[in-house]
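This report concerns only the one structure given below.
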């Protein structure tokens, strides 16, 4: 069937159209039904980066050889799907988004939103076809930048389209948090993946989603891909993407905080058990005046005070310290340095008896409140032992010779204790004469006395002593005596 040729557009009519098109912000390309490009306004030329209509191509086919088009999802348009070709084929496309670039360019340079118009004089065959173009590059650049920032943001987030409550974007942070894949979320509805299943004020939140309203921060149990949940705080904010109303949901993972709180509670329970069972006296105080809030059994045994008698009181109320000025100094040290270790103090028992103690203190936190933990170690028995030792030393100092000999004997015993009846190890590599000399040295005899005892000259004895020192590795008589006693010689 032969198609009736369309009537040519009269020159005055085309001229009038061109005058009208010149002032438009939208780009317009006019074609006749045979595919010839008749005209294009300056806006259309700018949107293609050319100066003249001929640079677009004389026909729709030439246009397709000079410009490469693709959809927003990066798919290339076949030539038959170019807007000019669809226009010639009689197809209508109210709002089509395409990316446009010269054929030799690596990346698209413009994003066009195009629609078709058909003009005829008598309602019959079209006299002229028009392609109306809006340059939406800036809008889509902004959306691309937003999407890039959205995906790069480590904070978990996803976006829901308000109209159908479908997920349109999800970032890697949310995927890492939830364990889902992108395909398991994108395109699904809130009914398919209900992250609000365990949220506070659920009905209120769903009403806000339906209306596209702001959702204040709320706690929720986010369902995870492994079937478990994690505690999060979420919030929703209205945004617009591709001219569609959406809601941006952001999430903060509270699970580490919850685990920390549980660990803190467990730690405080453990501290309470250790505090009560500790064999040393322990006290917890709080406030600037270090008022007692907790004591353990060791403290009650050390001081004789009952728990009811000390809780809520300060040390001065109980006359607990023998030297209150010393306690004030230590409290200043806690304030400035957070604590101290091992100071000698004297506490007063309820009966007035003094108790020698080593005290240490440290700032701690109990139930989130700052406190001070005090530890008192009773060293009264040790102190009495020290005093007894001093008295013993004073007593034996009256006999210096005996003291010297007994100290040497005790040193030998401490350095090489032997069980009763244990055989003594014989000295190594000593001659009979050297052993005799060593035994006489252990009897506090000098060289002259040894020479007389053995019937030898003093020079000979000095030579024996020198060889003896070299063999046992010492250089003085006292060290030789210790060496001999360690080996059972001269004991």
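Residue numbers (our numbering): 9 to 499.
Glycine included, every Cβ here is placed at the ideal spot set by N, Cα and C.
Looking at the secondary structure, which residues open and close the beta strand (DSSP E) in which residue i lies?
i: residue 384; result: 377-386
i: residue 45; result: 45-48
i: residue 517; result: Nothing in the structure corresponds to residue 517, since the chain is present only between 9 and 499.
i: residue 303; result: 299-303
i: residue 2; result: A query on residue 2 cannot be resolved here, the shown segment of the chain reaching from 9 to 499 and no further.
Select from the options the residue whose C-alpha is nearest the C-alpha of residue i.
i: residue 364; options: 392, 192, 60, 275; result: 392
i: residue 171; options: 217, 114, 277; result: 217
i: residue 169; options: 496, 140, 257, 73; result: 257
i: residue 231; options: 245, 373, 244, 188; result: 188
i: residue 478; options: 467, 466, 491; result: 491
i: residue 346; options: 372, 113, 292, 387; result: 372
i: residue 381; options: 39, 279, 184; result: 279
i: residue 291; options: 308, 276, 297, 275; result: 308
i: residue 159; options: 59, 143, 178, 150; result: 178
i: residue 31; options: 448, 49, 229; result: 49
i: residue 385; options: 286, 47, 344, 210; result: 286
i: residue 460; options: 474, 445, 494; result: 445
i: residue 315; options: 332, 284, 34, 223; result: 284
i: residue 375; options: 362, 294, 57; result: 294
i: residue 143; options: 164, 116, 165; result: 116
i: residue 250; options: 89, 135, 155; result: 155
i: residue 472; options: 457, 443, 498, 489; result: 443
Report buried or exposed for residue i, applying the criterion of at least 16 other Cβ atoms within 10 angstroms of its Cβ.
i: residue 107; result: buried
i: residue 182; result: buried
i: residue 282; result: exposed
i: residue 408; result: The pLDDT assigned to residue 408 is 49, lower than 50, so where the model puts this residue is not dependable, and the model offers no usable value.
i: residue 311; result: buried
i: residue 395; result: exposed
i: residue 23; result: exposed
i: residue 357; result: exposed
i: residue 302; result: buried
i: residue 8; result: Lying before the first or after the last residue shown, residue 8 is absent from the chain, which here runs from 9 to 499.
i: residue 455; result: buried
i: residue 73; result: exposed
i: residue 59; result: exposed
i: residue 55; result: buried
i: residue 157; result: exposed
i: residue 175; result: buried
i: residue 79; result: exposed
i: residue 203; result: buried
i: residue 270; result: exposed
i: residue 340; result: exposed
i: residue 127; result: exposed
Following the continuous alpha helix (DSSP H) through residue i, name the residue where it begins and the one where it ends.
i: residue 491; result: 485-494
i: residue 163; result: Taken as a continuous stretch (DSSP letters only), residue 163 belongs to no alpha helix (DSSP H), as it is neither H nor E.
i: residue 439; result: Per DSSP, residue 439 belongs to no alpha helix (DSSP H) and is neither H nor E.
i: residue 477; result: 466-480
i: residue 170; result: Taken as a continuous stretch (DSSP letters only), residue 170 belongs to no alpha helix (DSSP H), as it is neither H nor E.
i: residue 100; result: Where residue 100 is concerned, there is no enclosing alpha helix (DSSP H), given that its DSSP letter is neither H nor E.
i: residue 289; result: Segment 289-294 is the beta strand (DSSP E) holding residue 289; no alpha helix (DSSP H) there.
i: residue 461; result: 455-462
i: residue 180; result: 180-186
i: residue 217; result: 210-219
i: residue 317; result: 315-318
I think residue i touches residue j, with their Cβ atoms under 8 Å apart; what is that distance to the nearest whole Å?
i: residue 148; j: residue 109; result: Incorrect: roughly 14 Å between the Cβ atoms, too far for contact.
i: residue 353; j: residue 334; result: 6 Å
i: residue 123; j: residue 140; result: 5 Å
i: residue 38; j: residue 25; result: 7 Å
i: residue 288; j: residue 259; result: That pair is no contact at about 48 Å.
i: residue 65; j: residue 51; result: Their Cβ separation, rounded to whole angstroms, is 18 Å, which puts residue 65 and residue 51 out of contact at 8 Å.
i: residue 355; j: residue 387; result: Contact flag wrong, Cβ pair sits at about 11 Å.
i: residue 300; j: residue 320; result: 7 Å
i: residue 261; j: residue 328; result: Actually they do not touch by this definition, with Cβ atoms about 48 Å apart.
i: residue 450; j: residue 489; result: 5 Å
Based on DSSP bridge pairs, tell me the residues matched to residue i.
i: residue 64; result: Note: residue 64 sits in no beta bridge, so no partner.
i: residue 238; result: 230
i: residue 373; result: 378
i: residue 110; result: 75
i: residue 248; result: 253
i: residue 142; result: 121
i: residue 258; result: 165, 243
i: residue 368; result: 383
i: residue 136; result: 127
i: residue 362; result: 356
i: residue 84; result: 78
i: residue 35; result: 141
i: residue 207; result: 228
i: residue 446; result: Paired residues: none, contrary to the question.
At a cut-off of 7 Å, would you count residue i as near the ligand ADP, judging by its Cβ distance to the nearest heavy atom?
i: residue 125; result: This structure lacks the ligand ADP; in fact it carries no ligand of any kind.
Using a Cβ-Cβ cut-off of 8 Å, state whether residue i counts as contacting chain B.
i: residue 179; result: Going by chain labels, chain B is absent from the structure shown, which holds only one protein chain.
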